[in-house]
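Structure first, commentary second.
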Amino acid sequence: MRLRALLETEALGLRLLGGEEELDRTVRGVMTTDLRDPSRYLTGGELVLTGLAWRRNSADSEPFVRILASAGVAGLAAGEAELGDVPDDLVSACVRNRLPLFAVNEDVAFATITEHVVRQVSGERAGDLAAVVDRHRRLMTSGPAGGGPDVVLDLLTTDLDLRAWVLSPAGRQIAGAGEPLAPGVCAALASEHLAAVRTGRRGPHRISVQGITYSLFPIRGHGRGPGVGPAARDVRESVLSDWLLAVEADAGDWPAERLDLLQGVTQLIAVERERRDAARTVRRRLAQEVLELVQTGAPPAEIAARLRVAAPVLLPGLGAAPHWQVVVARVDWDGGDIPGGPVAQSLLEEILVDPSASGPEPSDRIAVAHAGDEAIALVPLPAPPGEAGEDKGPDAALHADVLLATVREPLAAGLADDGRLTLGVSAAVHSAEGLRGALEEARHARRVAAARPGRVCAAGHHELASHVLLLPFVPDDVRRAFTARLLDPLREYDRRHRAELIPTLEAFLDCDGSWTRCATRLHLHVNTLRYRVGRIEQLTGRDLSRLEDKLDFFLALRMS
């Protein structure tokens, strides 16, 4: 039962003193105590009743409330018979610890509240257990094929009052019952799930996000390629491709019957996932055929003919010929004994979907092939009206610097400390003749990304005509010697005098040497800025009015 139901029962004589936003908490039991530390008797979810005999002075309230909050109790009800009004220090402590607090009228016995709670909770549990077999049968016979995973999630909501969502490994919502989850919550849930799987923790995994507890159930597939599924030799072969079921509830004290029911739900959704993956086979085959023609140097007319076949499948109803972009991704695992190609293929099919789009269907517009540890995506982009045939990419073109922004956190958790994803993006092209160059461009951009630090890195075609292309390939010893000669004197001076010369140098170069703009950005007087720049020049023997010295400092900062 919910705390709100207790407040709405007039016979209990409860008055809310704080925690209105927490009234949807579930009450699983009741306990009466006047112990200063009742933690050994608490299991979580209780409504705690107290006559306040434990309170000797105002300093006692905070420790008592903190103990209850740490134990996960649902709420606290304080009797007014002993002290009259509930003390303000107890109210304040409950507010600080986000613990709902009720005052119990002195005319109401704690036994009355206890009997009511026990009767309600026992009745609800009995109803759950008696109906669980029937619910399971209904889920299995209705199945998701007619309406997707949403059908199963709707049954969970109507029958068990459970809100649930299906998420991709990158944290995109695929299906859900009720209001969609915020993107930040999805990312946090996916990250926790992937981290738990990589560390070998058994599900369901529990996590609290923004004060709400979720239980995470893996949705494991059975037939998505070699080595993928429950029988996979290594968890890394499937961890970045499996969906997950997030339920707004704490499954820690669920009976075995309810856990079995949720496992059945994940199996139903897994079947639906495999059905949709099977439908992806045509698009994968089209991508494979086009890329084989491109890589073997086939005539442009032959590639164009194959693209004309692919375009209606990927963009049905499109009148004009689309632009195309190529994205290359590679997943590398330490030791090199895990094939990265299938994992990279699944990730690209997920990453290239607009993160604001929900449902599996948007991924039906993407064709991805893989060879070895590399996956290659052929991404169609509708040409803007009136621009069909023009040699410029549309506004919808993919950009490497934003492509991984929303999925970086979950993917890094799944890659853990032994995996790496690198990705390169080509410019948009509008003809078969441009595809070969686009493929090489994307591959080269991926190599630039691979030279950078980090578990998840991307680079775009625009970086291939800038100093960014050169910096990652500078040998480490040369890099260290170059940056040490220019920056170490400034770092040492900053360490001893807290002069902030390094931040000043960065801002000065970023403002193109403008004294006024730099002083404004740093909130300094121009004379103070001139003093700092003079100190930089004195310590390094360089002149920041010379282009060559500015360039050296710029490169040193970029390589440091």
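Heads up, the sequence shown is in the working numbering, so the first residue is 2 and it goes up one at a time. Every residue gets a Cβ at the ideal spot worked out from N, C-alpha and C, and that includes glycine.
By how many angstroms is the C-alpha of residue j removed from the C-alpha of residue i?
| i | j | result |
| --- | --- | --- |
| Gly-535 | Val-403 | 38 Å |
| Gln-102 | Ala-79 | The residue asked about is misnamed: residue 102 is Leu in this sequence, not Gln. Roughly 7 Å between the two C-alpha positions. |
| Glu-290 | Thr-407 | 31 Å |
| Arg-531 | Arg-492 | 19 Å |
| Ala-428 | His-400 | 9 Å |
| Ile-213 | Asp-25 | 10 Å |
| Cys-458 | Thr-10 | 56 Å |
| Thr-115 | Leu-77 | 13 Å |
| Thr-517 | Val-92 | 53 Å |
| Ala-311 | Leu-4 | 57 Å |
| Thr-113 | Leu-157 | 33 Å |
| Gly-360 | Arg-274 | Legend: pLDDT at Gly-360 = 47, less than 50; position of this residue unreliable, value from coordinates given subsequently. Those two C-alpha atoms are separated by around 11 Å. |
| His-526 | Gly-342 | 56 Å |
| Leu-353 | Gln-326 | 11 Å |
| Val-380 | Gly-455 | 26 Å |
| Gln-296 | Glu-434 | 12 Å |
| Val-426 | Leu-48 | 56 Å |
| Val-74 | Met-2 | 14 Å |
| Asp-511 | Asp-550 | 14 Å |
| Ser-561 | Asp-61 | 53 Å |
| Glu-303 | Leu-294 | 8 Å |
| Gly-45 | Val-118 | 15 Å |
| Glu-388 | Pro-323 | Caution is warranted here: a pLDDT of 46 is assigned to Glu-388, below 50, making its placement in the model unreliable, and no coordinate value can be reported. |
| Thr-521 | Leu-487 | 26 Å |
| Glu-410 | Val-283 | 31 Å |
| Val-236 | Glu-351 | 19 Å |
| Ala-70 | Ser-40 | 10 Å |
In chain order, what residues of the same chain have a beta carbon less than 7 Å from the beta carbon of residue i, not counting five sequence neighbours either side?
| i | result |
| --- | --- |
| Pro-205 | Ser-216, Leu-217, Phe-218 and Ala-252 |
| Leu-17 | Leu-8 and Phe-103 |
| Phe-65 | Arg-37 and Trp-55 |
| Leu-502 | Leu-491, Tyr-494, Asp-495, Arg-533, Arg-536 and Ile-537 |
Which of the three DSSP states, helix, strand or coil, is assigned to residue i?
| i | result |
| --- | --- |
| Pro-219 | strand |
| Glu-549 | helix |
| Gly-298 | coil |
| Glu-375 | strand |
| Leu-17 | strand |
| Asp-61 | helix |
| Arg-331 | strand |
| Cys-95 | helix |
| Gly-337 | coil |
| Ala-178 | coil |
| His-206 | strand |
| Val-87 | coil |
| Gly-461 | strand |
| Ala-171 | coil |
| Gln-1 | For residue 1 there is no data in the structure shown, the boundaries of the chain being 2 and 561. |
| Trp-255 | coil |
| Val-119 | helix |
| Val-153 | helix |
| Val-314 | helix |
| Val-186 | helix |
| Arg-543 | coil |
| Pro-490 | helix |
| His-324 | strand |
| Gly-80 | strand |
| Arg-3 | strand |
| Ala-191 | helix |
| Leu-525 | coil |
| Ala-197 | helix |
So, for residue i: in the same chain, excluding its five sequence neighbours on each side, which residues have a beta-carbon less than 6 Å away from its beta-carbon?
| i | result |
| --- | --- |
| Leu-552 | none |
| Ser-59 | Asp-90 |
| Val-266 | Val-153 |
| Glu-63 | Ala-94 |
| Ile-208 | Glu-193 and Tyr-215 |
I'd like the list of long-range same chain contacts for residue i, defined as Cβ closer than 8 Å, with 5 residues on each side in sequence excluded.
| i | result |
| --- | --- |
| Gln-264 | Phe-218 |
| Ile-220 | Val-167, Asp-243, Trp-244, Leu-245, Leu-246, Thr-267, Ile-270, Ala-271 and Arg-274 |
| Glu-249 | Leu-163, Arg-164, Ala-165, Ile-213, Thr-214 and Tyr-215 |
| Asp-35 | Thr-51, Gly-52, Leu-53, Ala-54 and Trp-55 |
| Gly-298 | Arg-437 |
| Asp-544 | Glu-538 and Asp-550 |
Consider the Cβ of residue i: report whether some Cβ of chain D lies at a distance smaller than 8 Å.
| i | result |
| --- | --- |
| Gly-80 | Given the protein chain composition of this structure (a single chain), no chain D is represented. |
Which runs of the alpha helix (DSSP H) at least 4 residues long sit entirely within the stretch 21-55? Give them in chain order. Correct list: empty.
Ordered list of alpha helix (DSSP H) runs contained in the stretch 384-454, each at least 4 residues: If we require 4 residues or more, the alpha helix (DSSP H) runs fully inside the stretch 384-454 come out as 401-404, 409-416 and 436-451.
Cβ contact (3+ pairs, closer than 8 Å) linking the stretch 191-210 and the stretch 422-439: Proximity of the stretch 191-210 to the stretch 422-439 falls short of the contact definition, fewer than three beta-carbon pairs being nearer than 8 Å.
Measuring CB atoms only, is the stretch 237-257 touching the stretch 178-198, in the sense that at least three cross pairs come out at less than 8 Å? Between the stretch 237-257 and the stretch 178-198, the count of Cβ pairs shorter than 8 Å is three or higher; the stretches touch.
Does the stretch 332-350 come close enough to the stretch 364-381 to have 3 or more Cβ pairs within less than 8 Å? Yes: the two stretches touch, three or more of their Cβ pairs being nearer than 8 Å.
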